[in-house]
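One structure is given below, encoded as structure tokens.
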Amino acid sequence: MFSVYRPVDNEEFLYQSLKHLKYEAEMLDKIGSLEALERKLRELNQQKYEAQDKMRSYNPDLTKILSIPEAEFHQQFIIDAIRRIEKLKKSKLLEKETSPSKPKDAEVRKRKWGEKQEGMPAVEVKESDLTTEESVNSK
Numbered sequence: 001m002f003s004v005y006r007p008v009d010n011e012e013f014l015y016q017s018l019k020h021l022k023y024e025a026e027m028l029d030k031i032g033s034l035e036a037l038e039r040k041l042r043e044l045n046q047q048k049y050e051a052q053d054k055m056r057s058y059n060p061d062l063t064k065i066l067s068i069p070e071a072e073f074h075q076q077f078i079i080d081a082i083r084r085i086e087k088l089k090k091s092k093l094l095e096k097e098t099s100p101s102k103p104k105d106a107e108v109r110k111r112k113w114g115e116k117q118e119g120m121p122a123v124e125v126k127e128s129d130l131t132t133e134e135s136v137n138s139k
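Start counting the sequence shown at 1; every next residue gets the next number (full-length UniProt numbering).
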């Protein structure tokens, strides 16, 4: 009779052990997730601090600049920023000049051979596609 109850006790013990291990695994997973989130939060706070510091350089509190070297530092920072902006502006303008231009909306389109005939698709011809003779004849 004692041996009959023993497997049940073992099952209960194994079930409780399994439940406990599952709980521990969930806790370890949550701790790992928490640590990863804390690392990400520290990284984002560092980026925020750096961005705020950079913004202060662009718009310094003049009452806190107490020495000539500090003023010169801010002046040089602003001059460098202006140069970077001008360089970027020039590169954008050059890029715009060298890129192939798209057809303008105001470009006149003409239909070759008049209006669309029933059952026949209309063919659109741009003014720039016509030769000089075709251009004169179509007018």
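The beta-carbon is built from N, C-alpha and C at its ideal position, and this holds for glycine as well. Please read all numbers here as calculations on a predicted model, not as lab measurements.
Please report how far the alpha carbon of residue i lies from the alpha carbon of residue j, in whole angstroms.
| i | j | result |
| --- | --- | --- |
| I31 | H20 | 16 Å |
| D61 | M55 | 11 Å |
| E97 | K87 | 15 Å |
| D83 | L44 | The sequence shown places Arg at residue 83, rather than the Asp named in the question. R83 and L44: Cα-Cα distance of roughly 29 Å. |
| T63 | D80 | 22 Å |
| K48 | D29 | 28 Å |
| S99 | S67 | 48 Å |
| L34 | L93 | 48 Å |
| Q52 | M27 | 37 Å |
| Y23 | S57 | 51 Å |
| Q46 | K40 | 10 Å |
| E38 | S17 | 31 Å |
| P69 | R42 | 32 Å |
| K90 | A36 | 43 Å |
| F77 | E95 | 27 Å |
So, for residue i: in the same chain, excluding its five sequence neighbours on each side, which residues have a beta-carbon less than 7 Å away from its beta-carbon?
| i | result |
| --- | --- |
| I65 | A71, H74 |
By Cβ distance below 8 Å, which residues in the same chain neighbour residue i in space, the five residues on each side in sequence not counted?
| i | result |
| --- | --- |
| A25 | none |
According to DSSP, simplified to helix, strand and coil, what is residue i?
| i | result |
| --- | --- |
| L94 | helix |
| L66 | coil |
| N59 | coil |
| S99 | coil |
Exposed or buried, residue i, counting other C-beta atoms within 10 Å across all chains shown (16 or more means buried)?
| i | result |
| --- | --- |
| L14 | exposed |
Between which residues of its own chain and residue i is the CB-CB distance below 6 Å, once the five residues before and five after are set aside?
| i | result |
| --- | --- |
| D9 | none |
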